[in-house]
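Structure record follows, encoded as structure tokens.
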Amino acid sequence: MMLYQLLMSSHGNSAASKMASLLGKHLFQISGQGPPPQKDFFQLLITNIEVIWRSWTISVRLECQGAAPTELKVSHDNFLLQKMLHQKVDAVFGRRILEYTRSLCQGKFDYLERLPNDIVLKILSQLELTDVTLLAQVSHRFRQVRGS
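If you use the working numbering, the sequence shown corresponds to residues 78 to 225, in order.
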């Protein structure tokens with residue numbers, strides 16, 4: 078019960094600060110190819126202090142060969158204000174990743190999603206089957222672990 082209370086606590090900065098300190102430097106990272114027809118490659122990295130957007134131009138055209146990768150670093154607060162960067166993240170990685178990035182920049186961390194598998198399994202082993210089913214309905218991570 079104590080673990081649940083700590084994880085689900087949204088009141089009191091001290092509990093939130095303690096949990097946030099467990100997250101580490103990198104909060105989230107994703108990379109992939111942009112939407113067609115381009116072949117460009119992108120990476121989104123969210124650290125505990127900034128958002129980093131990297132892109133690599135992939136082209137057979139001579140004028141694009143040897144082009145250096147680009148990198149844009151902005152603070153969490155600045156990311157929340159940068160609509161052009163929001164559009165890029167949405168276009169490459171989708172609305173779900175954009176909303177998750179915004180949440181991280183606002184300090185809204187999903188601690189349940191970040192738990193190690195052994196702890197998730199320990200939690201699931203303490204629950205009734207009906208509770209496991211309900212939890213899997215609201216948590217992608219618990220759904221994955223339950224199915225494995």
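Cβ atoms here follow ideal geometry from the backbone N, Cα and C, with glycine treated the same way.
- DSSP lists no bridge partner for Gln142.
- Put simply, of Glu148, Trp133, Lys150 the residue whose alpha carbon is nearest the alpha carbon of Gln142 is Trp133.
- With a 10 Å radius around the Cβ and a threshold of 16 neighbouring Cβ atoms, Val215 comes out exposed.
- Between the segment 165 to 182 and the segment 104 to 123, the count of C-beta pairs closer than 8 Å reaches three or more; the two stretches touch.
- Taking each of Ala168, Lys102, Glu127 in turn and checking the Cα distance to Leu157, the smallest one comes out for Glu127.
- In this structure, Trp130 sits away from Leu104, with a CB-CB distance that is not shorter than 8 Å.
- In the displayed model, Ile123 falls within a strand according to three-state DSSP.
- Assigned with DSSP and collapsed to three states, Thr147 falls in strand.
- The residues Ala213, Gln214, in chain order, have a CB closer than 8 Å to that of Arg220 in the same chain once the five nearest residues on each side in sequence are set aside.
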